[in-house]
Amino acid sequence: MHEAGNWWGTPAAYQEMFTNPRFLGDLLVTVTVTLVSTAAVLFLALGIGLFLKLRGGRAARLLSGLAIVPLFIPVVIASWAILTFYSGTGFLRSVFAQFGLEFPVWAFTMVTVIIGSVWTSLPFAVLMVSSGLQAVPEAMIERPATPAPDSCGSLFR
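Position in the sequence shown counted from 1, then plus 1080, gives you the working numbering.
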């Protein structure tokens, strides 16, 4: 712990903090979890939103409905389910063991934190992305009747 002589602290506290290897390791894990879970949420939300907009139909509605399910499951229950699902005696290891395969134990690892973060954030992202994509007129999506120019020169002739 850094001792400061006043209430507003000193730059030495930050220097001490950013030279501490444990803090740097924790910071790296935090940034990694944030970047990976954000990328996964964006990828999944855009995929679901585009599928809903471009394909439509029963499958798209079912997929978007399933993506909203985590909104109605409390985070504590979801985190316990994720933890037990990926634990050493969890569902996935049991299923893989039936086929003589070994599944890694992901309980209490960065992987389960990322899965939990995606589980929590995905419904909100799907709602925002799909509502934004539904506002795009069909005329802007449909292929134009005239062929596209093959170069800038043919565009202005």
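We put the beta carbon where it would ideally sit given N, CA and C, even for glycine. It should be emphasised that the depicted structure is a prediction, and the values quoted were computed from it without experimental measurement.
Contact test: residue i Cβ vs the ligand SAM heavy atom, cutoff 7 Å
i	result
Arg1135	Only the bare structure without any ligand can be found here, which leaves the ligand SAM out of the picture.
Through-space distance from residue j to residue i, alpha-carbon basis
i	j	result
Ser1167	Pro1154	20 Å
Ser1117	Thr1090	34 Å
Val1191	Gly1085	42 Å
Phe1152	Leu1181	34 Å
Leu1124	Ala1139	15 Å
Asn1100	Trp1088	21 Å
Ala1092	Met1081	12 Å
Residue burial classification, residue i (beta-carbon count within 10 angstroms, cutoff 16)
i	result
Trp1038	The first residue shown for the chain is 1081 and the last is 1237, placing residue 1038 beyond what the model contains.
Ala1205	buried
Trp1186	buried
Backbone secondary structure at residue i - three-state DSSP
i	result
Trp1199	helix
Glu1182	coil
Ser1167	coil
Ala1187	coil
Val1216	coil
Glu1096	helix
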